[in-house]
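Mind the numbering: the sequence shown is residues 1 to 356 in full-length UniProt numbering, read in order. Note that the Cβ used here is the ideal one computed from N, Cα and C, for glycine as well. If you're wondering where the values come from, they're calculated on a predicted model, not measured in any experiment. Report on the following structure.
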Amino acid sequence: MSEKISYFVYIPKWEWLVGSDFYIDKMKEVLDKETKKLETLNESNLFYISFFGLIVFFISIFISIFISKTIKNIFDLYQNKITNQVNELKNLNATLESRVVEAIKDVKQKDEQLLQHVRLAQMGEMISMIAHQWRQPLGAISATSINLRMRIMLEAFDLNKEEGRKECQAYFTDGLKDIEIFTQSLTTTIDDFKNFYKPNKQADLVSFYEPVSKALNIIRGSLISDGIEIVEPCITCNNKRAKIYTNELMQVILNILKNAQDNFKEKKIKDPEITITCKCDSDDKIILDICDNGGGIPEEIIDKIFDPYFSTKNELNGTGLGLYMSKTIVEEHHNGNLLVNNSKDGVCFTIELAQR
């Protein structure tokens, strides 16, 4: 005979005695059914969490493979362009005497070709810059993926409760959003890299600080890796617009920043720092100053640094064309001024352009 439990409650107000009872076997049967339901639900939830965790992991692997292939394709493309243009230069040298008159008429076209050659010569440096820029988001993607998997393995959420399931869903949603943000960062760097090598057909009316921002997006990782601090004080006119060739002005800014970086390495400057400021003067000029604390340029050569083929670096590290082309871009293509002067601790390059 099944054991039964009875209980009574007395209600004085009405002088009632209320009683009830239940069988223990029946209670155990109900509890066993509910326990089995919870176990089935836990197994189902664990399966789905594991499944989505694997999806996140494979997505991360796919993104890494895709990015690697993209870099290789871009590198191969521009390597072919370099080879083709070297062959073109060889053919040009073979027939130089017979094309002197034509060469004089095509000075502007040659300047544009020279600018492109300087860009292509920087390919190795650009790849290095991008590698530094990608290191942090790729590491973050990997860390996020591992963290999500560890949460699954350690059963960090109480899936028996609604609150635990909601917490699990929110945590994984945030992790996937972080991966999307890091992936977008990689995409932005690739876009800036591709746009850098696209020649501008016409000037665009854009924020004067836009080429500065894009140039920093490419080289910032490399500068930080070398321990170089980038100081950007309060920009008083970064919303001012000018008619510029964005990619060409990016070339100028990258040349100046890369020269400062090389100078820091050569002189082994302690606590290297680059300060970028932008201001407007009373003549409606926008002025960009890029200053460093790298010790400055010797007075006997400071007037020569914009001359073609003049370089303070050795033959392996410098062509002597970077600052020459930078001055050409600013003064001939933008009707502006590119100036240089020594400051207290280093050198300052100044770019002056007219507002539009």
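(message) Any heavy atom of the ligand MG closer than 7 Å to the beta-carbon of Lys-177?
(response) Inclusion of the ligand MG in the displayed structure is not the case, the ligand content being empty and no account of it being possible.
(request) Would you check if there are 3 or more beta carbon pairs closer than 8 Å linking the stretch 269 to 280 to the stretch 222 to 229? (result) yes
(request) May I ask which residues mark the beginning and end of the beta strand (DSSP E) holding Thr-95? (result) That residue, Thr-95, is in no beta strand (DSSP E); it is neither H nor E in DSSP.
(message) For Ser-222 and Thr-40, I'd like the C-alpha separation in whole angstroms.
(response) 53 Å
(request) Label Ala-94 either buried or exposed according to how many other C-beta atoms from any shown protein chain fall within 10 Å of its C-beta, with 16 as the threshold for buried. (result) exposed
(request) Taking only the alpha-carbon atoms, compute the straight-line gap between Lys-26 and Glu-34 and give it to the nearest angstrom. (result) 13 Å
(message) Can you look up Lys-344 in the DSSP assignment and give me helix, strand or coil?
(response) coil
(request) Pull up the DSSP beta-bridge partners for Gly-19, would you. (result) Phe-8
(message) Among the candidates Ser-207, Gln-184 and Leu-254, whose CA atom is the shortest distance from the CA of Arg-220?
(response) Leu-254
(message) Looking at the strands, I want to know which residues DSSP matches up with Cys-280.
(response) Ile-286
(request) Compare the beta carbon distance of Leu-338 and Ile-286 with 8 Å and say whether it is the shorter of the two. (result) no
(request) Write down the C-beta distance between Thr-173 and Val-231 rounded to the nearest angstrom, noting that I regard them as a contact closer than 8 Å. (result) About 37 Å separates the two Cβ atoms, so there is no contact after all.
(request) Report the rounded CA-to-CA distance for Asn-160 versus Asn-45, giving the unit in angstroms. (result) 9 Å
(request) Determine, using beta carbons only, whether Val-30 and Val-18 come nearer to each other than 8 Å. (result) no
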